[in-house]
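Enquirer: Under the working numbering, think of the first position of the sequence shown as 757, with each following residue one higher. Glycine included, each C-beta is placed from N, C-alpha and C at the ideal position. Here you go, one structure.
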Amino acid sequence: MASVASCSSMLVAIWMSLSRCIQRRFFRVFAVCFVFSVSLAFHLTYHTQYPHHEPFEAPITKPIVHGNPVDGLPEPSYALNPFPHSPQQPSANGTADEPRKPWLAAVISAASDAERRMLIRSTWMRIFDDVPFDGRFVVSNPGPQWTEVVANENRTFGDMIVLDHIAEDDVTANTIKTLEFYKWLVDNDVEYEFISKMDTDLWLNARGFWDRFLLPRLSTDTATGIQKSTVQRTVIGELYYSPTWDLVFPHGLCTPSHGTWSSSWYIFRASNT
């Protein structure tokens, strides 16, 4: 009992000494803040109910075509029959085997747009025929109306890639057609060092693009003469017409105001497997 009394008297003595040292008004402020802090801590510790958050779910979105949402792909209006085998007919003098070219320039085209394909063949694909690239046109299943036309084109030029498992319509062309083309390249092991995708309304300065972006990323095997990529995870994004960058023929890359996407083969293979 004596020890308890001595402790109590000691606490009282400390309290009285603090009261004499601290002015009364500051002491009151301290006491109020102390009581408030203890009450707040007690409230947060024992009385706060933590709300339960549902796991995040991605919002449901629809494909957007020309600024309008669409409800998935439309049903094909014609039967998706396999495209007939139509290899290129050799010339009268025969065809010599050429070394594999490191660059694929693929133009996404509608099956019915034969006139635009001929225009491209006769302009930048012919002007830059000294650049080591393969020009190809990618079309969906042409349907009964255009199958023979596309087959004749392929027999003549040998530059058609036909995705006969998807229909030729506006929604498909603006959603999955490019992805299906990438899958076709991987599934058929059509390997290039670089692959560029573009539309028919683009005029490509193949020489400028080759010299500025692709050639510095290639090395040539001295024994075989084959050019191999020195990079892997490389994507060359859209390149637009711009007067400030002098992207005008013959020094520029693309005209008019539409771009091209190019990737290394590693990117295509990794993203489609």
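Indicate the three-state DSSP secondary structure (helix, strand or coil) for Lys-818 in the structure shown.
Expert: As a position in the sequence shown, residue 818 is number 62, starting the count at 1. Here Lys-818 sits in coil by DSSP.
Enquirer: Using the beta-carbon count (16 or more within 10 Å), is Leu-796 buried or exposed?
Expert: Taking the sequence shown and counting its residues from 1, one reaches residue 796 at position 40. Classification for Leu-796: exposed.
Enquirer: Please work out which residues of its chain come closer than 6 Å, Cβ to Cβ, to Asn-930, disregarding the five sequence neighbours upstream and downstream, and give them in chain order.
Expert: Numbered from its first residue, the sequence shown carries residue 930 at position 174. Val-821.
Enquirer: Which residue wins for smallest C-alpha separation from Phe-913, given the options Glu-831, Phe-893 and Val-927?
Expert: Position 157 of the sequence shown, counted from the first residue, corresponds to residue 913. Out of Glu-831, Phe-893 and Val-927, Phe-893 has the C-alpha closest to the C-alpha of Phe-913.
Enquirer: Could you give the distance in angstroms between the alpha-carbon of Phe-889 and the alpha-carbon of Trp-859?
Expert: Along the sequence shown, read from residue 1 onward, the residue named residue 889 stands at position 133. Along the sequence shown, read from residue 1 onward, the residue named residue 859 stands at position 103. Each residue's Cα considered, the two are about 5 Å apart.
Enquirer: Are the region 919-934 and the region 895-906 touching by the rule of at least three beta carbon pairs closer than 8 Å?
Expert: Yes, since at least three Cβ pairs between the region 919-934 and the region 895-906 fall closer than 8 Å, the two stretches touch.
Enquirer: Out of Pro-819, Thr-976 and Tyr-938, point me to the one whose CA is closest to Ser-700's CA.
Expert: Outside the displayed range of the chain (757 to 1029) lies residue 700, so it cannot be described from this structure.
Enquirer: As a quick exercise: from Gly-981, Met-766, Phe-884 and Val-927, pick the residue whose alpha carbon is nearest that of Phe-965.
Expert: As a first step, residue 965 is located in the sequence shown; it is residue number 209 there, counting from the start. Residue Phe-884 is the option with its Cα nearest to Phe-965.
Enquirer: Can you tell me whether Phe-786 is buried or exposed? The criterion is at least 16 other CB atoms within 10 Å of its CB, across all chains shown.
Expert: Position 30 of the sequence shown, counted from the start, is the residue given in the question as residue 786. Phe-786 is exposed by the Cβ-count criterion.
Enquirer: For Pro-825, list the residues DSSP reports as bridge partners.
Expert: For the purposes of this step, residue 825 is identified with residue 69 of the sequence shown, where counting begins at 1. Note: Pro-825 sits in a beta bridge opposite Ile-820.
Enquirer: Could you tell me which of Asp-945, Thr-879, Trp-1021 and Glu-871 sits nearest to Leu-974, measuring between CA atoms?
Expert: If you number the sequence shown from 1, residue 974 lands on position 218. Closest by alpha carbon: Trp-1021.
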